[in-house]
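So the sequence lines, in the order shown, correspond to chains F and Y. Counting in our numbering, the first sequence runs without a single skipped number right up to 231 at its last residue. Counting in our numbering, the second sequence runs without a single skipped number right up to 414 at its last residue. A virtual CB, placed ideally from N, CA and C, is assigned to each residue, including glycine. For clarity, every value in this text was computed on a predicted model and none was experimentally measured.
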Amino acid sequence: MPRYMMSVFGPTERTEFGDYGSKEEMLQAFADTGAFNEKLEKAGKFVFGDGLAEATTATVVDGRADQPVLTDGPYLESKEHLGGFWVIEAVDLDEALALAAEASRACRGKVEVRPFQTAEDFQGLLDS
Amino acid sequence: MTSADEAIARAHQDEWARVVAGLARRFGDLDIAEEAAAEAFATAVERWPADGIPPNPGGWLTTTATRKAIDRLRRESHRDTKHQAAQMLYDDSVPEPTGPVEDDRLRLIFTCCHPALAMDARVALTLRLLGGLTVAQIAHAFLVPETTMARRITRAKKKIKSAHVPYRVPSADDVQTRLAGVLAVLFLVFNEGYLSSTGEATVRADLSDEAIRLTRLLRSLLPDDGEVCGLLALMVLTDARRTARVSATGELVTLQEQDRRLWDWVMIKEGHALVRERIAAVAAGAEPPGRYQLLSAINAVHTDAAVATETDWEQIVTLYDRMTRVDPSPIVRLNRAVAVAEIDGATAGLAEIDAWAAELDGYHAFHAARADLLRRVGEVGAARAAYDRAIALAGNPAERAYLSRRRDELGH
């Protein structure tokens with residue numbers, strides 16, 4: 104079955120309640136997201152999913168030289184960063200988009216849906 | 003044209019979409035379907051003049067295209083046999099249990115107009131895969147370089163494949179929303195041909211014809227859908243006035259001033275019959291009319307009058323009232339206000355129009371309508387300023403020519 108990554112983006116600097124307006128809102132979003140995850144797992148569509156710590160906690164490693172070069176902070180300079188993601192399995196894009204709409208409602212953020220490359224894409228690269 | 007040329011042209015009109023759609027389902031790959039169909043038609047061009055026209059051109063084209071597709075899959079040695087088999091079977095659609103046999107072309111329409119694709123990609127794919135226009139023709143019609151258009155189509159096909167955009171008619175829950183998206187694509191293609199803000203008129207007219215042809219196809223596939231019928235009625239009632247719409251000197255002629263003898267009365271008759279069909283269906287309990295049915299009804303009222311002064315404006319205002327419930331946009335309000343002015347006078351129309359000034363300030367038709375109403379109430383200076391603004395905003399040369407003449411006729 105095709106795999107998709109559903110990514111949620113949010114501001115680099117988080118407020119007191121994560122990316123949410125109030126504590127109640129945050130707790131409700133957590134509860135809704137939990138319920139959504141459970142539904143995904145029951146349907147056998149959940150591969151992985153979790154929230155990430157703030158983007159400022161990231162470290163970029165460039166290991167292409169003799170000595171790895173470390174840089175503090177996220178790879179992209181941006182006001183918004185990946186805040187969390189799911190990896191799901193869905194029969195096709197329509198199902199993935201419907202699940203993304205539910206995910207977006209639950210976590211209160213915009214969700215980007217992107218397919219993983221398939222064995223065929225990979226074979227195409229090998230043959231190119 | 004020889005009889006073989008004619009047969010090929012006719013087969014292209016009648017069979018292209020069917021061949022592509024059938025191959026797309028069988029091979030699960032739009033690229034293969036498109037290329038094999040194009041090769042089959044090229045083979046017909048070579049063979050039919052010499053061998054004669056086959057008794058069943060559609061069957062001949064499908065068989066030839068299928069062979070070409072299989073040849074191509076064989077040639078592509080990197081696809082191992084297991085993979086090839088899987089690809090040929092990729093079709094997860096469940097046939098509707100009660101409905102008639104689903105036409106592959108309907109699946110193809112929904113795939114080409116998928117909401118996950120950008121609007122310009124949907125338009126290009128629809129014209130290429132369903133309309134059978136060449137990439138060069140589409141690029142020419144939309145005034146972009148051929149390489150740009152080719153890239154746009156390739157990228158869209160790649161997304162459909164990589165993201166697994168399904169090849170099926172949406173479920174009953176989604177079909178209405180998705181159909182609205184399909185109709186929006188067809189209407190955009192039609193308007194691109196009809197309103198053409200730039201470009202050669204003839205190439206543009208071809209786009210309108212193509213949109214009508216595709217809408218007819220959609221209607222043959224979904225004969226009971228009110229909005230499909232409404233869109234077709236709207237297109238034919240609009241297109242019927244094409245010749246009367248621009249004067250010999252290239253100036254726009256408004257509906258009021260058009261020579262109604264120049265209208266295509268066969269098309270108008272067809273449009274009226276379609277509108278009546280919907281009125282009867284709604285009276286018999288079908289869904290209330292949506293935007294295209296209401297717009298086609300408004301156009302039916304306009305084209306029902308032998309002369310402009312006999313237009314039933316009361317009826318038009320009533321229809322615009324219903325339109326504002328479906329689509330409460332300022333543009334609909336503007337059109338309603340123009341109709342109100344015909345009944346209650348220019349001052350009443352102006353009052354209604356001016357309430358939407360903030361929203362419509364960047365829209366040339368707002369300033370053109372205002373200019374006309376100001377002229378009628380004798381506000382020459384304000385009318386001139388409004389014409390100036392409308393001329394500056396109008397993209398279409400025929401419209402600019404018309405507005406300039408009206409402005410220059412104002413006097414002092």
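So, does the CB of residue i fall closer than 8 Å to a CB anywhere in chain Y?
i: L143/F; result: no
i: L233/F; result: The shown model of chain F, from 104 to 231, leaves out residue 233/F, and the question about it has no answer.
i: L200/F; result: yes
i: P171/F; result: no
i: D153/F; result: no
i: D224/F; result: yes
i: P105/F; result: yes
i: G114/F; result: Note that residue 114/F is Pro in the sequence shown here, rather than Gly. It does not: the Cβ of P114/F has no partner Cβ on chain Y nearer than 8 Å.
i: P177/F; result: no
i: V214/F; result: no
Strictly under 8 Å for the Cβ-Cβ distance: is residue i near chain F by that measure?
i: H366/Y; result: no
i: P168/Y; result: yes
i: A158/Y; result: no
i: A174/Y; result: no
i: A35/Y; result: no
i: A165/Y; result: yes
i: A118/Y; result: yes
i: P97/Y; result: Below a pLDDT of 50, predicted positions are generally treated as unreliable, and P97/Y, at 40, falls in that range; no measurement from the model is reported.
Locate the beta strand (DSSP E) running through residue i, then write down its first and last residues.
i: V164/F; result: T162 to D165
i: L185/F; result: E183 to E192
i: L415/Y; result: With chain Y running from 3 to 414 in the structure shown, residue 415/Y is simply not present.
i: L173/F; result: V172 to D175
Label residue i either buried or exposed according to how many other C-beta atoms from any shown protein chain fall within 10 Å of its C-beta, with 16 as the threshold for buried.
i: L179/F; result: exposed
i: E183/F; result: exposed
i: P57/Y; result: exposed
i: T66/Y; result: buried
i: M109/F; result: buried
i: K160/Y; result: exposed
i: G273/Y; result: buried
i: W50/Y; result: buried
i: D122/F; result: buried
i: D31/Y; result: buried
i: A299/Y; result: buried
i: S210/Y; result: buried
i: P171/F; result: exposed
i: G147/F; result: exposed
i: F151/F; result: exposed
Measuring only the C-alpha atoms, how far is residue i from residue j?
i: G101/Y; j: A174/Y; result: Reliability fails at G101/Y, whose pLDDT of 43 lies under 50, so the model's placement of it is uncertain and no value is given.
i: D195/F; j: L223/Y; result: 24 Å
i: G113/F; j: G212/F; result: 7 Å
i: G187/F; j: C210/F; result: 10 Å
i: G380/Y; j: V340/Y; result: 17 Å
i: L145/Y; j: G287/Y; result: 45 Å
i: L135/Y; j: A161/F; result: 50 Å
i: F225/F; j: H166/Y; result: 16 Å
i: P399/Y; j: A310/Y; result: 25 Å
i: F29/Y; j: A35/Y; result: 7 Å
i: A283/Y; j: Q295/Y; result: 12 Å
i: L405/Y; j: R378/Y; result: 15 Å
i: A403/Y; j: G60/Y; result: 47 Å
i: V255/Y; j: R243/Y; result: 10 Å
i: A126/Y; j: R407/Y; result: 37 Å
i: L276/Y; j: G232/Y; result: 7 Å
i: A143/Y; j: G154/F; result: 47 Å
i: T115/F; j: S164/Y; result: 30 Å
i: L181/Y; j: T174/F; result: 50 Å
i: V187/Y; j: E223/F; result: 31 Å
i: V216/F; j: T245/Y; result: 47 Å
Locate the alpha helix (DSSP H) running through residue i, then write down its first and last residues.
i: M237/Y; result: G228 to D241
i: L132/Y; result: That residue, L132/Y, is in no alpha helix (DSSP H); it is neither H nor E in DSSP.
i: P114/F; result: Careful: P114/F lies outside any alpha helix (DSSP H), inside the beta strand (DSSP E) at R106 to P114.
i: P218/F; result: P218/F -> not in any alpha helix (DSSP H); beta strand (DSSP E) instead, spanning V214 to P218.
i: V328/Y; result: W315 to V328
i: G60/Y; result: P59 to R77
i: R390/Y; result: According to the sequence as given, residue 390/Y is Asp; it is not Arg. That run of the alpha helix (DSSP H) goes V382 to L395.
i: D224/F; result: A222 to D230
So, under 8 Å CB-CB, residue i and residue j are touching, yes? Tell me the CB distance rounded to an integer number of Å.
i: M269/Y; j: V230/Y; result: In fact, because the Cβ distance is near 17 Å, the residues do not count as touching under 8 Å.
i: H369/Y; j: L395/Y; result: 7 Å
i: T68/Y; j: L25/Y; result: 7 Å
i: A19/Y; j: L132/Y; result: 5 Å
i: M129/F; j: F120/F; result: 4 Å
Verify the contact flag: residue i, CB atom, against every heavy atom of the ligand PLP, threshold strictly below 7 Å.
i: W358/Y; result: As for the ligand PLP, it is missing from this structure, which has no ligand bound.
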